[in-house]
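So the structure is just underneath, and the comments pick up after that.
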Ligand SMILES: Cc1ncc(C[n+]2csc(CCO)c2C)c(N)n1
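Numbering (this note's numbering), first residue to last: 169 to 372.
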């Protein structure tokens, strides 16, 4: 089993995670500011927990994977800075509470932290990869600017490197760990879909 196969075996779940009406509205320009703002407020909080999950993955990783994982942490650092700048520009607070979808997603990451490395590396790839795929189609202004990093070739290349290290970890994983990875991948897809939906519902 490898990352690519996961997206094919669970085509429907993968599609729902990466093709939400929220994204269609970014492309047409119909997304309402309140919807983007909710995404931003909630995704900042998610980003904090994701950083910790990333640290757990790094802690379990073999040294030959450090290079790529450390470069990912640099990307997250830039992303967390971007949240602060963009929140200021839009007069948003980053001190809100997580809504249920975000809270459940974060709880999933915390529970996963002590699982075997192949599970962590694959879910890490999966989470980053959803945004690379989700932002692949051109978006209308201002969302083209706001999501420009996820749409960039730099991000695409980074996600590809994550795929390579996850695939390497999966190759030597036990069957049991591979099955667990597959189950968690499916749950991750459902959390992604629910996260977009939660932001989309900022406007009734
Ligand atoms: C719910 C949710 N899922 C995935 C990502 C993707 N992602 C996680 S951290 C980061 C910055 C660069 O590593 C990106 C793009 C997200 N932001 N929010």
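For glycine and all other residues, C-beta sits at the position ideal for the given N, C-alpha and C.
- The beta carbon of residue 170 sits closer than 7 angstroms to those of 335 and 338, all from its chain and outside the five residues before and after it, given in chain order.
- Collapsing the DSSP output to three states places residue 371 in coil.
- Per DSSP, reduced to three states, the secondary structure at residue 336 is helical.
- Taking the C-beta atoms as reference points, residue 210 is found nearer than 7 angstroms to residue 270.
- A distance of 7 angstroms or more separates the beta carbons of residue 266 and residue 226.
- Inclusion of residue 363 in the 6 angstroms shell around ligand 1 follows from its C-beta lying nearer than that to a non-hydrogen atom of the ligand.
- One Cα belongs to residue 311, the other to residue 342, and the distance between them is close to 42 angstroms.
- Distance between residue 358 and residue 181, taken at the CA atoms: about 7 angstroms.
- By alpha-carbon distance to residue 263, the top candidate from 317, 216, 354 and 295 is 216.
- Taking C-beta atoms as the reference points, residue 174 and residue 221 fail to come closer than 7 angstroms.
- Taking the Cα of residue 185 as reference, the smallest distance to any Cα among 347, 362 and 328 is reached at 362.
- Residue 279 and residue 368 have their C-alpha atoms some 26 angstroms from each other.
- At least one heavy atom of ligand 1 lies less than 6 angstroms from the C-beta of residue 247.
- Going by DSSP, residue 313 is part of the alpha helix (DSSP H) stretching over 311 to 314.
- The beta-carbon distance between residue 360 and residue 298, rounded to whole angstroms, is 5 angstroms. This is short enough to meet the 8 angstroms contact definition.
- Distance between residue 309 and residue 319, taken at the CA atoms: about 14 angstroms.
- Nearest C-alpha to residue 326 among 314, 229, 300 and 252: 300.
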